[in-house]
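For reference, the structure is listed below as structure tokens.
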Amino acid sequence: MHGLINRAIQAFVCSTYGESRWRDVTDSAELGFSEFEAMLIYTDDQSKKLLAAMEQVLQRPLPEMLEDMGTFLVSNPQVEALRRLLRFGGVNYVEFLHSLDDLPDRARLAVSDLYLPPLELIETAPGQFKLFCQDGLPGYASVMMGVLRAMADDYGDLVILEHSGHQDGAEVISVTLVETDFAEGRAFDLGAHLL
Amino acid sequence: MMSFDQLAELAGKMAPMFVMINADGQIERVGPTLQKLRPDQDWTGQPFIEIFDLRRPRSIRNMADLLGSSGVKLHMQFRDEPHTGLKGVLAPLPKGRGAFVNLSFGISVLDAVRDYDLTSADFSATDLTIEMLYLVEAKSAAMEASRQLNLRLQGAKIAAEEQAFTDTLTGLKNRRAMNHILGRMISTGRDFSLMQLDLDFFKAVNDTMGHAAGDAVLQKVASIMVDCTRNVDTIARVGGDEFVLIIDGLVDHAQLDNIASRLIKRLEEPIPFGGQMCQISASIGTVLSPASVSIDAAQLLNEADMALYAAKRAGRACHYFYEPGMDSEDTDEAVEEVSVDTASSQADTSRSSGNTAADAEQRSNG
């Protein structure tokens, strides 16, 4: 699994549970190190051990933690860059949802060896969507759930998100748009980080 | 035929930074994004070249040149501040009704987005600017992560070098490794002897022939020492031209003296470098492994050092064993070391009980 993903997990655990708990996790996973490098590649086995150790040491169901991680990645100022990159997807939440089809390709444009499984958005009725998260990355749909939730807040829209089971080798998230411009949302300035 | 207004409405969607000029070169209409760059500007009727400063091609000096520049890539900037750079291309309108100019930011888009607070709505849906901004940010973030990795790797490399056991120039062990091995040998109570070897006249080689020659000499010295010892022995470079040899399982004076003599003899053979010959020698002080473990490595090294100084005082190319009396001798005569060095050819050989067979001729050559 790409170092960026492992590093994201590290940032989430350190920021939520503290660095000593993170070391407990990596010790328990018997990785032999506790710092992931964002730009190196780690084996799937290492990541698998890490996730198993997280569940065991932190005593919380993994899907729940991964969803929190998705939210953390968008809403924590520490990782503002990712939120900005997602906001480039569209000027409103619906446009953003449609841009998710391109997300794996966009990720690969930025970091050529970063593989994200395909995402497919289907509009089932006005304001009703299904997001198909293809297999290939354990916990992918859980993380995406957290990301979708946090991005709705970011745009100031009110949405209902639900896991809708497995379909054709993909985990399905259903998205219901209840109200747009429900809240203020966060500002997004195209040029804020340039220079 | 389409009217100016119809054309302007259509163009506003497809090319929101267009300018339409009439046959006299005066601006008739501008696109919404261009309007946003100068919200208070009254564009209509203004001569194009009074608002935009044409930088290239240089051949365009007046409106007629401009109107004749169909299809050519134009570089211009605003005459007033901020002087945002723009790229453009002009196409004449039919029947001599003027021209249509489409503008874009080109590479100055990064500044423009910030200066004018532009949003995705200000760019045409087919414009790749948003994708480019995305890429710039994504690549900068990825580059920053890589840079951080490089910094950490650099730090790790320095730390690894500090913890290394090898002298990078000669491939011998370094002082850290020697301390480690010596401590272990003392604590296990093994028989061994410790030789402290100092090169003579090495500084002269370095000073007169340069550091490259010095380095070559040190490498040759290292290979000679490896030749003259066994695999079980330890050879370490512990200073610029200082070496420590730990001879495993050997405490016999005659045999040790033999090894030392052979070493000195081999080291005195001239070493060729860059068409010249480097002539050095060596002095050696030896101490035998302690009978009790209460003697520590530092003390043992100190004793070997005193034997070495006795050898140096005796006039270079000498080998001395440590004797208990040397401690006081050392404090008395240490100050004379420099003058003794310069007078090495007249050394008092009668004092060199463990002297080597190295002859005086070779010494004076150095």
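The listed protein sequences derive, respectively, from chains A and B. Under the working numbering, the first residue of the first sequence is numbered 1, with each subsequent residue one higher. Under the working numbering, the first residue of the second sequence is numbered 1001, with each subsequent residue one higher. Every residue gets a Cβ at the ideal spot worked out from N, C-alpha and C, and that includes glycine. Owing to the predicted nature of the structure, the values given are computational and were not obtained by experimental measurement.
Item	Value
Alpha carbon of B/T1342 to alpha carbon of B/L1153, nearest angstrom	Its pLDDT being 39, under 50, B/T1342 is placed unreliably in this model, and the value from its coordinates should be taken loosely. C-alpha separation (whole angstroms): 48 Å.
Same chain only: Cβ atoms within 8 Å of A/D196, ignoring 5 sequence neighbours per side	Residue 196 of chain A lies beyond the stretch modelled for chain A, which goes from 1 to 195, so this question has no answer here.
Sheet register partners of B/E1303 (DSSP bridge)	Answer by DSSP bridge pairing: none, since B/E1303 is not bridged.
Stretch pair the stretch 178 to 189 of chain A + the stretch 138 to 158 of chain A: three plus CB contacts closer than 8 Å	yes
Minimum length 4: unbroken alpha helix (DSSP H) runs contained in the stretch 1202 to 1282 of chain B	1202 to 1209, 1211 to 1227 and 1253 to 1267
Chain B residues whose Cβ lies nearer than 9 Å to that of A/F88	S1120, I1130, E1131, L1133, Y1134, E1137 and A1138
Residue-chain proximity (B/S1261, chain A), Cβ-Cβ < 8 Å	no
Beta-carbon proximity check, B/A1254 vs B/G1285, cutoff 8 Å	no
Boundaries (first-last residue) of the beta strand (DSSP E) holding B/H1180	Per DSSP, B/H1180 belongs to no beta strand (DSSP E); it is in the alpha helix (DSSP H), R1175 to T1188.
Beta-bridge partners of B/F1321, as assigned by DSSP	B/T1286
Any C-beta of chain B under 8 Å from that of A/A81	yes
C-beta neighbour in chain A for B/V1338, strict 8 Å	Because B/V1338 sits at a pLDDT of 40, beneath the cut-off of 50, its placement in the model cannot be relied upon, and the point is left open.
Own chain partners of B/P1047 with C-beta closer than 6 Å, once the 5 adjacent residues on each side are dropped	G1025 and Q1026
Under the three-state DSSP convention, the category A/A38 falls into	coil
C-alpha gap between B/A1334 and B/D1198, whole angstroms	In this prediction, B/A1334 has a pLDDT of 43, which is less than 50 and means its spatial position is unreliable; nothing more can be read from the coordinates.
Alpha-carbon spacing of B/R1147 relative to A/G185, whole angstroms	33 Å
Residue burial classification, A/M144 (beta-carbon count within 10 angstroms, cutoff 16)	buried
Three-pair Cβ contact test at 8 Å for the stretch 1294 to 1303 of chain B versus the stretch 1176 to 1186 of chain B	yes
Helix, strand or coil at A/E123 according to DSSP, with G and I counted as helix	strand
Residues in the stretch 38 to 67 of chain A having any Cβ partner in chain B nearer than 9 Å	A38, M39 and L40
Residue environment, A/S20, which counts as buried when at least 16 other CB atoms sit within 10 Å	exposed
Beta strand (DSSP E) segment containing B/N1102, residue limits	A1099 to S1104
Check whether B/L1110 and B/L1090 have beta carbons under 8 Å apart	no
Span separating the alpha-carbon of A/V111 from that of B/A1142	7 Å
Three-state secondary structure (DSSP) of A/M54	helix
C-alpha distance - A/R108 paired with B/V1136, whole-angstrom precision	14 Å
Cβ of A/R21 within 8 Å of any chain B Cβ	no
Cross-chain neighbours of A/L198 in chain B, by beta carbon under 7 Å	Since the displayed chain A opens at 1 and closes at 195, residue 198 of chain A lies outside it and no answer follows.
Opposing strand residues paired with B/R1029 [DSSP bridges]	B/M1020
Contacts that B/A1141 makes with chain A (C-beta to C-beta distance below 7 Å)	A81
Contacting positions in the stretch 1149 to 1178 of chain B - beta carbon closer than 7 Å to chain A	L1149
Beta carbon proximity, B/S1108 to chain A, threshold 8 Å	no
CB contact below 8 Å: B/A1145 versus chain A	yes
Cβ-based neighbour list, B/S1069, same chain, cut-off 7 Å, excluding 5 preceding and 5 following	I1060 and L1090
Same chain, Cβ closer than 7 Å to A/D24, neighbours up to 5 away in sequence not counted	V57
Contact list for the stretch 107 to 139 of chain A against chain B, Cβ threshold 7 Å	L109, A110 and V111
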